[in-house]
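Read left to right, the sequence shown gives residues 105 to 652 (the working numbering). Below is one structure, written out as structure tokens; comments come after it.
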Amino acid sequence: MSCKAANKRFKLAAMFVLLFSSPTYSDENLLLSEAASKHVSSRDQLNKVAETSGKVFTVFGENLFKGGYEAERFDGLNEDYVIAPGDKVSIEVWGTKSLSTVATVDNQGNVFIPDVGPVRLQGVKASDINVVVTSQIRTVYKDAARIYVNLLNATPVSVFVTGGVDRPGQYAGMASDSLLYFLNRAGGIDSLRGSYRSIKVLRDSKVVFEADLYEFLRAGKIAHQTFKDRDVILVSRRGAVVAVEGSARYPFEFELNNDAKVGADIIELAMPVPSVSHAKIDGTRDKKPLREYLSLQAFSHKALSNGDKVTFVPDQQAQMIDITLKGSYLGPSHYVVKQHTTLQELLDNVAIDQRLADASSIYIQRISVAKQQQQLLNDSLDRLERSLFTAPASSDGEASIRAKEAELVMQFVNKARSIKPLGKVIVSSNQIVGDLRLEDGDQIVIPERSQLVQIGGEVVMPQAVLHNANIDAEPSDYVAWAGGFTERADVNRIGIIRASGEIDFGSSTVNPGDQILVMPRVDAKTMQNVKDITQIIYQVAVAANVVL
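Written as structure tokens, this is what we have:
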């Protein structure tokens with residue numbers, strides 16, 4: 105066979121496959137494949153947004169066809185099944201008249217019963233056929249006859265599914281099967297091409313039924329449609345697409361089905377949370393990038409375009425802030441106050457027992473300060489790690505020593521990273537409490553009066569000791585009462601944490617309620633990064649009141 109002949113046969117075979125692989129019933133069907141292949145602009149635009157933002161959008165309704173339609177389908181007769189032409193009905197009459205027959209519903213929707221005539225059953229539910237046929241037979245045989253009518257079997261129908269579905273083709277089912285059942289048989293709607301909002305049922309090339317699956321997804325509404333043999337389910341081309349992210353209950357990619365594509369449509373579909381006050385729009389107008397930031401009210405009237413991305417943002421500054429009390433006080437522990445409320449304004453409304461509370465040593469634990477302390481600590485630890493791994497070694501022996509040192513230092517680093525700073529804000533000094541504006545989440549600590557002195561850190565027996573005002577004791581005296589210094593203690597660096605949160609190194613005065621922390625000593629002979637490690641030890645002591 106020549107090459108030309110082979111090519112000609114190949115082209116004919118290809119044309120045959122194209123012509124008979126799926127049915128065509130209208131001009132819309134003929135144009136569907138071409139239109140669907142071209143309808144990628146909205147997805148391309150959203151993909152470009154996704155590339156820059158790192159966001160992958162999920163199509164609203166995309167998981168609709170992941171249910172077990174076929175596995176859960178009931179193959180028996182359904183009492184709500186509506187009789188259609190081709191169904192078979194068993195009719196039994198006994199008594200004054202005997203009759204036993206199996207009648208088929210004809211194309212006019214009737215069954216013919218001898219001596220009675222045609223009885224219309226099309227549109228009658230399976231559970232009602234006994235009543236309908238009996239009432240007709242009794243017009244002839246009166247009350248003496250006994251009658252029993254039963255639907256023997258329902259005639260299957262063959263339905264074509266085409267358009268924006270994964271597997272267009274011809275599928276068998278019952279006339280009473282739902283639209284979702286046939287769409288699922290065809291692999292579900294292709295979320296890139298097919299519309300969830302415009303699905304048509306064609307009969308003899310005429311639209312007899314239209315469905316919007318958003319009504320089912322959002323409100324559970326789905327109209328009943330009885331199918332006939334050779335009906336066509338056509339999933340239309342996907343409409344305009346708008347993607348939603350941010351503070352919304354439904355952050356999906358939505359399809360709009362009307363001409364008035366305004367923000368109110370998206371608000372209804374996406375349901376932003378109550379705290380949302382603004383919406384940001386990213387899109388394209390006249391082939392130029394567009395970015396707008398609007399109030400929710402203005403956004404509701406804003407016209408949207410295919411491929412827009414909408415981000416809902418809660419951007420209203422809170423008018424009230426939450427404050428918590430800790431320590432010794434009377435009354436509630438939580439307060440909701442106006443912004444710009446100061447510490448003294450709040451304390452004026454807090455009752456305390458002067459015998460139990462140390463009102464002159466109040467301090468604040470603040471979230472923003474704790475974050476700053478954590479960042480500073482992490483920066484110091486990062487510098488320590490960099491210096492550790494970039495330190496040169498002049499010999500194999502020194503390299504071995506540095507490796508062991510690195511292992512120990514990394515254990516120290518890991519432990520230091522687990523420390524959570526307290527975020528203390530010192531507002532008391534010399535028995536005077538200062539004033540400052542409170543922030544949301546502040547914890548105001550009113551220390552309890554104490555006669556004890558806590559001793560910890562590098563001491564033999566960490567414990568609490570009664571403060572004796574009659575003895576002019578220095579920090580080293582209290583350390584002696586705690587068993588003395590350990591071998592690793594830095595005897596010249598003793599920190600005193602006051603009840604007000606202040607930390608004092610080198611002071612010789614110890615007050616009731618103070619905490620004494622003995623710092624560890626880092627041996628310069630065995631550690632190369634003594635300075636960095638020492639700095640971190642003191643940072644942790646100040647930020648978290650603990651000794652590493």
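C-beta atoms are modelled at their ideal positions from N, C-alpha and C, and glycine is treated no differently.
Closest residue to residue i among the options (Cα-Cα distance)
i	options	result
N410	P551, I187, D386 and D539	D386
Q423	K384, L429, Q443 and Y433	Q443
A603	Q420, N615 and K519	N615
I233	L168, E196, S309 and T200	E196
D333	S299, W585, F264 and A290	F264
F286	R297, L512, V235 and I303	I303
V644	F516, R553 and A573	F516
E396	G367, F169, P378 and P189	G367
P260	P272, A249, N254 and M278	M278
G273	S262, I217, V206 and N167	S262
E349	L373, K391, V339 and D608	L373
V312	V236, R459 and L338	L338
S282	E606, H328, I575 and S309	H328
P376	F416, R592 and Y642	F416
Residue i in three-state terms, based on DSSP
i	result
Q638	Sequence inspection shows Thr at residue 638; the Gln mentioned does not correspond to that position. Three-state result, T638: helix.
D232	helix
T266	strand
P393	strand
M278	strand
I740	This structure does not reach residue 740, given that the chain is present from 105 up to 652, and the question cannot be answered.
A455	strand
P260	strand
A368	helix
P551	coil
S532	strand
E155	Per-residue confidence for E155 stands at a pLDDT of 48, beneath the threshold of 50, marking its modelled position as unreliable; the derived number appears in the next sentence. In this structure, E155 counts as helix in the three-state DSSP scheme.
I471	helix
E349	strand
F164	coil
V193	strand
A645	helix
P579	helix
F356	coil
T243	helix
D94	The chain is shown from 105 up to 652; residue 94 falls before or after that span and cannot be answered.
Q401	helix
Y185	coil
V513	helix
T388	strand
Contacts around residue i, its chain only, beta-carbon distance under 6 Å, and the 5 residues preceding and following it disregarded
i	result
S611	I600
Q718	Residue 718 falls outside the range modelled here, since the chain spans only 105 to 652, and no answer is possible.
V454	Y433
G617	S554 and A603
L540	L447
V253	I195, I233, N234 and V237
Neighbourhood of residue i by C-beta, 7 Å cutoff - its chain only, sequence neighbours within 5 removed
i	result
V529	Y467, I468, R470 and V473
F320	I326
L570	Q555 and L556
A577	V614
D270	A290, G291, G292 and D294
P189	V209, D210, N211, G213 and Q226
A140	Interpretation of A140 is limited by its pLDDT of 37, a score under 50 that renders its predicted location unreliable; the figure taken from the coordinates is listed afterwards. The answer, listed in chain order, is G268, R297 and R341.
L400	V380, S381, H382 and A383
Y275	V263, V265, F286, R289 and A290
G561	L621, V622, M623 and V651
S280	N182, Y185, V186 and T330
L526	Q469, A474, A647, A648 and N649
G605	Y467, K528 and I530
P566	I559, G560 and A586
Beta-carbon contacts of residue i that lie in its chain and below 8 Å, excluding the five residues immediately before and after
i	result
V564	A586, G587, G588, F589 and T590
Y582	V557, I559, V569, V614 and I620
D426	H438, Y439, V440, D544 and G545
A654	Because residue 654 is not part of the residues shown, which for the chain are 105 to 652, the question remains open.
Whole-number beta carbon distance between residue j and residue i, since they are thought to touch under 8 Å
i	j	result
P579	I598	5 Å
A648	K524	7 Å
T205	A249	14 Å between Cβ atoms; not a contact.
Contact with chain D by residue i, beta-carbon distance below 7 Å
i	result
D618	Among the protein chains of the structure shown there is no chain D, as only one such chain exists.
Okay, do the segment 211 to 225 and the segment 316 to 323 touch, 3+ Cβ pairs below 8 Å being the bar?
The segment 211 to 225, when compared against the segment 316 to 323, does not touch it at the 8 Å Cβ threshold.
Say whether the segment 480 to 495 touches the segment 532 to 543, bearing in mind that this needs 3 or more beta-carbon pairs closer than 8 Å, one atom from each stretch.
no
Quick test of the definition: if touching needs 3 or more C-beta pairs under 8 Å, does the segment 239 to 258 touch the segment 283 to 300?
No, the segment 239 to 258 is not in contact with the segment 283 to 300.
Would the segment 383 to 402 count as touching the segment 442 to 461 if we require 3 or more Cβ pairs under 8 Å?
no
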